[in-house]
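The block underneath contains the structure these notes are about, expressed in structure tokens.
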Amino acid sequence: MLKIWHMKQKQVAADAAEGPAKRRVTAAQLRAQKDITEISLPSTMKMDFPDPDDILNFTLTIEPDEGLYRGGSFEFTFAIGSQFPHEPPKVKCKQKIYHPNIDIEGNVCLNILREDWKPVLNLNAVIVGLQYLFLEPNPLDPLNKEAAEDLKNSKDMFARNVRSSMQGGYVRSERFDDVRKR
Amino acid sequence: MAVGYDVEKWKYLRRVLERAGPFTDKDSFDASMVKEALKDVKILVIGAGGLGCEILKNLALTGFKNIDVIDMDTIDVSNLNRQFLFRSSDVGQPKATCAANFIKSRVPDVNITPHFCAIQDKDIDFYMSFNSIICGLDSVEARRWINATLVNMVDWNNPDTCKPLIDGGTEGFKGQSRVILPKMTSCYECSLDMLTPRQAVPICTLATIPRQPAHCIEWASILEWPRVKGDLKMDTDDPEHITWLYTTALKRAQEFGIEGVTYTLTQGVVKNIIPAIASTNAIIAASCCNEAFKLATNTAPFLNNYMMYTGNEAVYTYTFEHERKENCPVCGEQNEPTNVTIRKDVKLGEWIEELKARADIQLKRPSLMGLGKSLYVQQPPQLEEKTRPNLEKLVSELVGNGEEVAVSDSALPFSLRLRVLYE
Ligand SMILES: [Zn+2]
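So the sequence lines, in the order shown, correspond to chains H and V. According to my numbering, the first sequence is numbered sequentially starting from 134. According to my numbering, the second sequence is numbered sequentially starting from 13.
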């Protein structure tokens, strides 16, 4: 082992490591920093960092300017764990909304947040995916089964339900949060 | 107590130790030192489970005299079929302590020290005190932690800071053993993409059309637990929690006419348990200890550097040299921090301008972060606004001596690590 050591040692620059103990930034933070500083958000989205020193936990607000969810302001929490990017970020919707791919607990059904996540994907891909859910709600991947059925049965009825739910109204016996953009 | 390498019982081992073989590295082999090696070498075993029991037994019987063992778990009744250092009276007791006691009772001249805690509870000085480290873990997270810790310990001015890591792992009939020389050969992180990811089921399948008993269990743990229990953290070692998941999953399975949800399956699914095969553990542990022996004594060349074993159909092993990744986030040269020396009275804003002026790094709009601290982040705007006041502060107020600062910039294909040293 010593032999390899001396060989490698010669390859390493003379100033490699001296002085006070090394304290390194974690791989998860390093990657999150790169991802976050490369995100360029359209005017319909914004990010907020409750604790600016903690870039691993933040919120994303999406305010669609087209589609059935236009006029709403939807907030998601992002939690990036220590195994990122080998594990996807945990994303939840903070409000109770009527959407075929988001249940009333805020769980989100987006393939790249679970079964199709790969470490080469970045946070931007997740954000684009979330935005797409509001433009094209998908009745074939239902997390809120009733909403998905409504969409399959009648797009008009579904659109009416979306409108009233977004104003804090009821759809059947379920009351939703008022998510109108202020 | 006198450690008797001259006694009769070590006669045959001595013959192996003292003779150079055809593959012995002539430069590093010294028959007189070899004899002392096993006596002096201090080895750390991480994990006292299925692999750990085998490893500890092998090391003690090989003649290693100084062994430490660390494990944060206690003994469960289901461990007893293969973790042979434990008896039913040990159930509930720490694995590390029971394993150490058992070894001590059978091989009295071994100094074996148990540590009943998480590996993260120990500091650099602890890991520095060993000659090499053997891992018999089932957790990727723990392996990544110890790997990164050992890589970061390497100081090129002192060869003793490089601790060989022998990593064993098993999954059913398959396993692997490998030797990692931190900073010199491919590390655990370099090979992370070789892991076959657990095939996840789409969350909407769990929510709407479960087809298998495991789908019902995952529904209970992923969707129902947070809904019903709120912020209460699920503890997969707590029988009450498992019982709740089991009954919840069972009800759902009945609703959908699915059979096969049991308590054991529930435990298996939420803990991601792959059935352990005792002989796979024995084979992999034997290989790990073989490497520890060779590293300690120089009697034969050690594994370079990855041995995979498959026992599903007959026996297949393949040994190859896994290559280091240039851009490995843990050991890659590309990610090696560059030392920068700065004055204590330099403001962050001034320092950033200095960095931008440097021809060797070519930065345009750098964002800087320290250890869990945002120094100045240019994107997104909300973060820029919140970190802008830092530009007026002294770097020395924000970053400790020797601490790392990560720089990201659209002009850089990777994040640059800078290690700040003050004049
Ligand atoms: Zn590496």
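Glycine included, each C-beta is placed from N, C-alpha and C at the ideal position. None of the values given here were measured: they were computed from a predicted structure.
C-alpha gap between H:Cys226 and H:Asp236, whole angstroms: A direct Cα-Cα distance of roughly 9 Å separates H:Cys226 from H:Asp236.
Using a Cβ-Cβ cutoff of less than 7 Å, which residues in the same chain neighbour V:Tyr200 once the five nearest sequence positions on both sides are dropped? Closer than 7 Å at Cβ, skipping near neighbours: Arg155, Arg156, Asn159, Asp179, Ile192.
Excluding five sequence neighbours on each side, which residues of the same chain lie with their C-beta closer than 8 Å to the C-beta of V:Met196? Contacts found: Cys174.
Collapsed DSSP secondary structure at H:Pro218 in the structure displayed: Three-state DSSP puts H:Pro218 in coil, outside helix and strand.
Please list, in chain order, the residues of the region 99 to 120 of chain V that have any C-beta partner in chain H closer than 8 Å. Across the region 99 to 120 of chain V, no CB contact with chain H closer than 8 Å is found for any residue.
Measuring only between beta-carbons, confirm whether H:Phe128 sits less than 9 Å from chain V. This structure gives no information on residue 128 of chain H, because the portion of chain H shown stretches from 134 to 315.
Nonlocal neighbours in the same chain, by C-beta distance under 6 Å from V:Val358, ignoring five residues either side: The residues are Val407.
Tell me whether V:Glu271 is buried or exposed, calling it buried when 16 or more other Cβ atoms sit within 10 Å of its Cβ. V:Glu271 should be labelled exposed.
Shorter than 8 Å, the distance from the beta carbon of V:Cys340 to the closest heavy atom of ligand 1, or not? Because some heavy atom of ligand 1 lies under 8 Å away, the Cβ of V:Cys340 counts as near it: yes.
Does any residue of chain V bring its CB to less than 9 Å from the CB of H:Pro252? Under the Cβ criterion of 9 Å, H:Pro252 is counted among the residues facing chain V.
With 9 Å set as the bound, which would you pick, yes or no: does the beta-carbon of H:Ala258 sit closer than that to a beta-carbon of chain V? With 9 Å as the cut-off, H:Ala258 does not count as an interface residue toward chain V.
Just the chain V side, please: which residues come within less than 8 Å of H:Glu238 by C-beta, in chain order? Residues of chain V passing the Cβ test: Leu235, Pro238, Arg239.
In its own chain, which residues sit with a C-beta less than 7 Å from the C-beta of V:Ser427, not counting the 5 before and 5 after it? Around V:Ser427: Ala418, Val419, Ser420.
Taking all protein chains shown into account, decide if V:Met45 is buried (16 or more other Cβ within 10 angstroms of its Cβ) or exposed. V:Met45 counts as exposed, since fewer than 16 other beta carbons sit within 10 angstroms of its beta carbon.
First through last residue of the alpha helix (DSSP H) which encompasses V:Leu387: Unbroken run through V:Leu387 is the beta strand (DSSP E), 385 to 388; no alpha helix (DSSP H).
State buried or exposed for V:Phe128, treating a residue as buried only when at least 16 other CB atoms are found within 10 Å of its CB. By the Cβ-count criterion, V:Phe128 is buried, with 16 or more other Cβ atoms from all chains shown falling within 10 Å of its own Cβ.
Measuring straight from C-alpha to C-alpha, what distance separates H:Asp310 and H:Ser297? Each residue's Cα considered, the two are about 10 Å apart.
Can you pull out the residues from the region 259 to 289 of chain H whose beta carbon lies closer than 7 Å to at least one beta carbon of chain V? Residues of the region 259 to 289 of chain H with a Cβ closer than 7 Å to any Cβ of chain V, in chain order: Asp274, Pro275, Leu276, Lys278.
Mind pulling the chain H residues with CB within less than 8 Å of V:Cys216? Neighbours of V:Cys216 in chain H, taken as residues at a C-beta separation under 8 Å, are given in chain order as Asn234, Cys242, Asp274, Pro275, Leu276.
CB-CB length for V:Leu68 against V:Ile79, believed under 8 Å: Going by Cβ atoms, the distance from V:Leu68 to V:Ile79 rounds to 7 Å, so yes, they are a contact pair.
Going by CA-CA distance only, name the one from V:Ile234, V:Leu71, V:Leu63, V:Arg370 that's closest to V:Ile289. With distances taken between Cα atoms, V:Ile289 lies closest to V:Leu63.
Mind checking whether the beta-carbon of V:Val419 lies closer than 8 Å to any heavy atom of ligand 1? Outside the cutoff, so no.
Give a yes or no on whether the minimum CB-CB distance between H:Ser215 and chain V is below 9 Å. Yes, H:Ser215 lies at the interface with chain V (some Cβ there is under 9 Å from its Cβ).
Tell me which residues of the region 362 to 382 of chain V have at least one Cβ-Cβ distance to chain H shorter than 7 Å, keeping chain order. Residues passing the 7 Å Cβ filter: Ser379, Met381.
Measuring only the C-alpha atoms, how far is V:Leu215 from H:Pro272? Note on identity: in this sequence residue 215 of chain V is Ile, with Leu being the wrong assignment. Roughly 14 Å separates the two Cα atoms.
Hey, would you say the C-beta of V:Tyr318 is under 8 Å away from at least one heavy atom of ligand 1? No - ligand 1 has no heavy atom lying nearer than 8 Å to the Cβ of V:Tyr318.
Answer with yes or no whether the minimum CB distance from V:Ala326 to chain H is below 9 Å. Closer than 9 Å: no.
Going along chain H in order, which residues have a C-beta closer than 9 Å to the C-beta of V:Ser422? Residues of chain H passing the Cβ test: Thr170, Glu171.
Taking V:Gly414 as part of the beta strand (DSSP E), name the residues at either end of that continuous run. Unbroken run through V:Gly414: none, as it is neither H nor E.
Can you find a heavy atom of ligand 1 that lies under 8 Å from the Cβ of V:Val89? No - ligand 1 has no heavy atom lying nearer than 8 Å to the Cβ of V:Val89.
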